[in-house]
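Trainee: First, the structure itself, so that you have it in front of you.
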Amino acid sequence: MSRRMQDKEKAEMIKTVMFQTRAEPYQINPEYDSFTRSTVDCDQVYENLFIGDRNAAMSKPFLRMSGITHVVNTAEGSGIGMVNTDEDYYKKLGIKYMGLRLMDLSVTNVLKHFEDVANFIDEALKNKGKVLVHCYMGISRSAIFTLAYLVLKRNMSACDAMACIRKKRHIHPNDGFLEQLAVLDNKLMRRASDTSY
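If you read the sequence shown in the UniProt record's numbering, its first letter stands for residue 1, the second for the next number, and so on.
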């Protein structure tokens, strides 16, 4: 079977896990005031790792209250579907920032950024930080980078990473992103099998 077919097959497996795994009922954090609860969409999906929407990323009171130390904006820019924040936006909060100008299109190359984002998240978590990965809605772009982090740094398979996150948040990366995650997963599996001989 060709690598392209293996990647497509793996992407379908990841998608199956995505549709079969249901998020646990939403638990409102009692520390958040009623305004924050009604305007911010954010979930902790792994220890000290959060996925959220633009409102979570732009609510300085929420970020302060949640103890967020690092932000990854996977939709940096202005325009439809983008979140117009940058390093300066978070400077007074002491939050470290990484921004990527990515559209939520299946042809967008996210694979080339997986390693850099995973390293940024990993470094933050190793130093006892809390990381918010966000896009406009917290469903596709932010999710694919959080999945890639779990695959690259927590040695999860892509299917296990999907199940882990879907138990905490309703994510739905687009098909092109899932195929790129499958490419990463298959590459790591081939590398592991090559070194085991």
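Beta carbons: idealized from backbone N, C-alpha and C, even for Gly.
Report back the beta-carbon spacing between K10 and A158 to the nearest angstrom; my notes put them in contact at under 8 Å.
Mentor: 7 Å
Trainee: For E47, does the three-state DSSP call read helix, strand or coil?
Mentor: coil
Trainee: Flag this pair as yes or no: are the beta carbons of L125 and L181 separated by less than 8 Å?
Mentor: The answer is no: Cβ separation not under 8 Å.
Trainee: At the level of alpha carbons, what is the spacing between L132 and H70?
Mentor: 6 Å
Trainee: Entirely within the stretch 104-166 and at least 3 residues each: give me those beta strand (DSSP E) ranges in chain order.
Mentor: 131-134
Trainee: Specify, as a first and last residue, the run of the beta strand (DSSP E) that M98 falls within.
Mentor: K96 to G99
Trainee: Answer yes or no: does any C-beta atom of chain C fall closer than 8 Å to that of S157?
Mentor: Looking at the structure shown, chain C is missing, and only one protein chain is on hand.
Trainee: What does the alpha-carbon distance come out to for the pair R169 and D43?
Mentor: 6 Å
Trainee: Do you know how far the Cα of L100 is from the Cα of E87?
Mentor: Those two C-alpha atoms are separated by around 12 Å.
Trainee: When DSSP builds the beta bridges, which residues end up paired with E12?
Mentor: E12 pairs with nothing; no bridge assigned.
Trainee: Can you tell me the Cα-Cα spacing of R3 and N109, whole angstroms?
Mentor: 18 Å
Trainee: What is the DSSP secondary structure of V40, reduced to helix, strand or coil?
Mentor: Three-state DSSP puts V40 in coil, outside helix and strand.
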